[in-house]
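Here is the structure we will look at.
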Amino acid sequence: MPGNFVAIVGAPNAGKTSLYNCLTGSNYKTVNYPGATVDYSVGETQAQFGNTIRVVDTPGTYSLFPKSQDEQVTSKILFSTEALGTKPSAVVVVVDATQIRRHLLVVEQAKQSGFTIIVALTMIDLLEKQGLNLNISALQDSLGVSVIPVNGLSGAGVDALVRNLQEIQKSKTNESENLAHCEAQLPEQWNMEQHFQFAAKTQRIFERVIAKTGKKSSQDPAIYTQKVDSVMLHPIWGILLFILIMTGMFTSIFWAAKPLMDGVNNAFNWFSEMLIKTAPNSGFMQFFANGIVSSLGAVLVFVPQIVILFFVVGLLEDTGYLSRAATLVDKPLSKIGLNGRSFVPMLSGYACAIPAMMAARTISSKREKFLTLFVIPLFSCSARLPVYALLLSFLFAGQSSWKPGVAMAAIYILSLVAALTTAAILNKFLKIGNSSFFMMELPYYRRPSLRSVLKGVWTRTYGYVTRAAPVIVVFSILMWAGASFPRQNNESKLDQSYLAQAGKVLEPIMKPMGGDWRTGVSLLSAFTAREVFVSSLAVMFNVTEQENKEATQTSLLPKMQEAKTESGAPLFTTSSTIGLILFFMIALQCLTTVGIARREFGGWTMPIVQLVLFNVVGYTVAVGAVQLLRAMGIA
Amino acid sequence: MQTIADTKPGFSGTIANLKGDAHIVERLAELGLVPGNTIRVTGVVTFGEPLLVEVKGTHIALRRSEARCIQI
Chain A
3 MPGNFVAIVG APNAGKTSLY NCLTGSNYKT VNYPGATVDY SVGETQAQFG NTIRVVDTPG
63 TYSLFPKSQD EQVTSKILFS TEALGTKPSA VVVVVDATQI RRHLLVVEQA KQSGFTIIVA
123 LTMIDLLEKQ GLNLNISALQ DSLGVSVIPV NGLSGAGVDA LVRNLQEIQK SKTNESENLA
183 HCEAQLPEQW NMEQHFQFAA KTQRIFERVI AKTGKKSSQD PAIYTQKVDS VMLHPIWGIL
243 LFILIMTGMF TSIFWAAKPL MDGVNNAFNW FSEMLIKTAP NSGFMQFFAN GIVSSLGAVL
303 VFVPQIVILF FVVGLLEDTG YLSRAATLVD KPLSKIGLNG RSFVPMLSGY ACAIPAMMAA
363 RTISSKREKF LTLFVIPLFS CSARLPVYAL LLSFLFAGQS SWKPGVAMAA IYILSLVAAL
423 TTAAILNKFL KIGNSSFFMM ELPYYRRPSL RSVLKGVWTR TYGYVTRAAP VIVVFSILMW
483 AGASFPRQNN ESKLDQSYLA QAGKVLEPIM KPMGGDWRTG VSLLSAFTAR EVFVSSLAVM
543 FNVTEQENKE ATQTSLLPKM QEAKTESGAP LFTTSSTIGL ILFFMIALQC LTTVGIARRE
603 FGGWTMPIVQ LVLFNVVGYT VAVGAVQLLR AMGIA
Chain B
66 MQTIADTKPG FSGTIANLKG DAHIVERLAE LGLVPGNTIR VTGVVTFGEP LLVEVKGTHI
126 ALRRSEARCI QI
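Okay, here's the thing in structure tokens:
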């Protein structure tokens, strides 16, 4: 029956997602909640469990009274019919056995709301390691609902849970034909007295159902978590380890992603060349190979870096470290109007602004979310990397190889400074009320589940590709057409093309930056994707596309050194190259980011402010630097 | 009235009351910081904030402004 589904709810870190993965296997898809910007997951129970049931995984929530955007989605899935056409026929509340007193809150609120509930009890193995034992039938008695122990890693107990759900579905279908009239309603917000009484009640339940076994294991999660945290959250060691972990992470990402990115690049270059060889004179094949295939390559070349970054982020998240990292940086970030929770989105911004902006949804304060979204485009995303690489190897041509490395690190640090400064300045002028809170739960450290980490990587990467690809492909095709037309004698001449004409209009703007129409065109084309700057410079200086990017770079460098302006002076000098680097560091050229920003801000105003402001500031800084360097006698 | 913000790491005591911004107080209560429960201050991170507290086996990091809502 359509519209009939079971919702899985529970506090963050309760083991909800592992359970959901066991229930559905790979039969799920991620859906965007209408009007909101939070994704949730809808799936079907695996065939091995018999009759399938539709299950919905909701964002983790501490209570049914939402405090952030993602918690709001959970509340809407339960109490409004707008997303799924009906309220859930049953609610599975996931309760971590080691946190039972706190996690019973959602059980109680769901019960008061009038839902049919099953409690799925997780982490019983951890409870046993603490030397405790839980009496399930006593808990069932106390709560008045079925309690089913499950293990999200091994899948034990999941079949029993599904059988229970199937029975509920059956009895409901017999009872009434119309499930859309579920009467569940959110109860009144609790006052302090109710919280107080409920705490006393859960304490009584706790004393009734939990017994000491006397077999406390050395692997008691509470004990090793405390031991690890005494170092990880230590006033001195904590921050040093944080810096070490983050540096290690970035170094390994660039090191590991590079061969893969080159591989993707080579594959697409080879494919498009091969296509052209099959029909060298076909205009359509030219268009297909250079316009479509190459622009798809431009989208996919970032996939390795995004996959690796989110894999590492997912691992850190799953072990429980990221909530510690957020705790460590909350104080400095709060000084400039941000929150410890801004940390993960900003970190993701180094890979790509698109998933980074989506990660900002967990920030509950409107003001802090706003500031975080605003500065994300300033973090140096992976698309800027090839541009920096080219410009730095030009700047340090023939010098020892550590110099460009140090310069690259300096660029990354400078972009961090730029982002944080922007936040600090905006924080002074922003007139949005502040109801900021941090209050971060620090879960027990645990072994990460590879499956859920990989699932997170897949969701984020898929999100990037499906959102970025259409925009980049459309603009690449426009750029390709601009560079190839009008045709003369059936041949396209770049310096006569529409794109070149546009570049010549731009020339007066480029001059103060030390550029000419060719750099102008390359900058224009970078609006499809920043790294297109490199290939379009190559086209500009008549470098035929080489087989791989490194070869393009080495043959492009001498061309850049030879390039002259109309007056005969060298085009690429120390000052103009530094100007370009600064421009790329600040300017917002990625139109996909603008589109995502519209969704996350909920309107066009802020994305347009970002687009104009970052480009104007980037240009001004670049011109300022070029003129200053020239005044100092550095050409 | 003394609050958790006035205590030092190693402190252990009973929560007497929650007072302050309704949004914050509600979330504190939902995290198990309810009057009557025992609270332990386990540490402070690098910049003097957040405070690390433990209530009934749950570890939570709190800003000082949030800790000020917890009277002891």
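Residue numbers (our numbering), protein chains in the order written: chain A, 3 to 637; chain B, 66 to 137.
Note that beta-carbon positions come from the ideal geometry of N, C-alpha and C, so glycine has one too.
Values in this document were obtained by computation on a predicted structure and should not be read as measured data.
Distance between residue j and residue i (C-alpha atoms, nearest Å)
| i | j | result |
| --- | --- | --- |
| Lys121/B | Val476/A | 56 Å |
| Ala94/B | Cys592/A | 43 Å |
| Val97/A | Phe439/A | 25 Å |
| Ala633/A | Arg92/B | 58 Å |
| Ala565/A | Leu573/A | 6 Å |
| Ile126/A | Glu195/A | 31 Å |
| Glu169/A | Pro472/A | 45 Å |
| Ile69/B | Lys69/A | 23 Å |
| Val459/A | Arg453/A | 10 Å |
| Val45/A | Pro61/A | Val is not the amino acid found at residue 45/A; the sequence shown has Gly there. Their backbone Cα atoms lie some 15 Å apart in a straight line. |
| Val11/A | Val94/A | 6 Å |
| Leu422/A | Gly351/A | 13 Å |
| Ala38/A | Arg369/A | Here Ala38/A scores only 45 on pLDDT, less than 50, and its place in the model is too uncertain to base an answer on. |
| Ala362/A | Gly635/A | 45 Å |
| His183/A | Ala92/A | With a pLDDT of 47 at His183/A, under the threshold of 50, the modelled position of that residue is not reliable, and the figure given next carries that caveat. Answer to the nearest angstrom: the Cα atoms are 13 Å apart. |
| Gln74/A | Leu21/A | 22 Å |
| Ser220/A | Tyr447/A | 14 Å |
| Lys343/A | Leu501/A | Looking at the sequence shown, residue 343/A is not Lys but Arg. Cα to Cα, the separation comes out at about 43 Å. |
| Met66/B | Phe76/B | 16 Å |
| Ile598/A | Ser139/A | 49 Å |
Opposing strand residues paired with residue i [DSSP bridges]
| i | result |
| --- | --- |
| Val57/A | Val8/A and Gly45/A |
| Leu134/A | Lys214/A |
| Pro572/A | Lys566/A |
| Gly75/B | DSSP output for Gly75/B lists no bridge partner at all. |
| Ile120/A | Val94/A and Ser148/A |
| Asn82/B | Gln136/B |
| Leu582/A | Answer by DSSP bridge pairing: none, since Leu582/A is not bridged. |
| Ala126/B | Met442/A and Leu117/B |
| Glu68/B | It is worth fixing the name first, because residue 68/B is Thr in this sequence and not Glu. Beta-bridge pairing links Thr68/B to Gln136/B. |
| Thr103/B | Thr79/B |
| Gly605/A | According to DSSP, Gly605/A bridges with nothing at all. |
| Val109/B | Leu116/B |
CB contact check: residue i to chain B, cutoff 9 Å
| i | result |
| --- | --- |
| Ala101/A | Checking the displayed sequence, the identity of residue 101/A turns out to be Gln instead of Ala. By this cut-off, Gln101/A is an interface position. |
| Thr19/A | no |
| Lys113/A | no |
| Ser241/A | Correcting the residue identity first, residue 241/A is Ile in this sequence and not Ser. Yes, Ile241/A counts as interfacial toward chain B. |
| Met194/A | yes |
| Phe439/A | yes |
| Ser65/A | yes |
| Ile238/A | yes |
| Leu392/A | no |
| Tyr621/A | no |
| Leu444/A | yes |
| Asp264/A | no |
| Leu324/A | no |
| Ser144/A | no |
| Gly342/A | yes |
C-beta neighbour in chain A for residue i, strict 9 Å
| i | result |
| --- | --- |
| Thr72/B | no |
| Arg133/B | no |
| Thr107/B | yes |
| Phe112/B | yes |
| Ala126/B | yes |
| Ala81/B | no |
Chain B contact residues for residue i, given Cβ-Cβ distances below 7 Å
| i | result |
| --- | --- |
| Ser82/A | By Cβ distance, chain B contributes nothing, its closest Cβ being about 21 Å from Ser82/A, past 7 Å. |
| Leu107/A | Glu95 |
| Lys69/A | His88 and Arg92 |
Interface residues of chain A facing residue i [CB-CB closer than 8 Å]
| i | result |
| --- | --- |
| Gly97/B | Arg103, Arg104 and Ala201 |
Chain A residues whose Cβ lies nearer than 9 Å to that of residue i
| i | result |
| --- | --- |
| Gly101/B | Phe198, Ala201, Ala202 and Gln205 |
Amino acids of chain B, ordered along the chain, whose beta-carbon sits closer than 8 Å to that of residue i
| i | result |
| --- | --- |
| Ser220/A | Here the premise fails: no neighbours, minimum Cβ distance about 18 Å. |
| Ala224/A | Gly122 |
| Glu2/A | Only positions 3 to 637 of chain A appear in the structure, and residue 2/A is not among them; the question remains open. |
Contact list for residue i against chain B, beta-carbon separation under 9 Å
| i | result |
| --- | --- |
| Asp332/A | Val110, Phe112, Glu114, Pro115, Ala126 and Arg128 |
| Thr423/A | By Cβ distance, chain B contributes nothing, its closest Cβ being about 19 Å from Thr423/A, past 9 Å. |
Per-residue contacts from residue i into chain A (C-beta, under 7 Å)
| i | result |
| --- | --- |
| Ile89/B | Phe439 |
Cutoff 9 Å: residue i Cβ touching any chain E Cβ
| i | result |
| --- | --- |
| Gly400/A | Among the protein chains in the structure shown, which are A and B, there is no chain E. |
Query raised in the report: What are the uninterrupted segments assigned as alpha helix (DSSP H) that are 4 or more residues long and contained completely in the region 427-461 of chain A, given in chain order?
Result: Whole alpha helix (DSSP H) segments, 4+ residues: zero.
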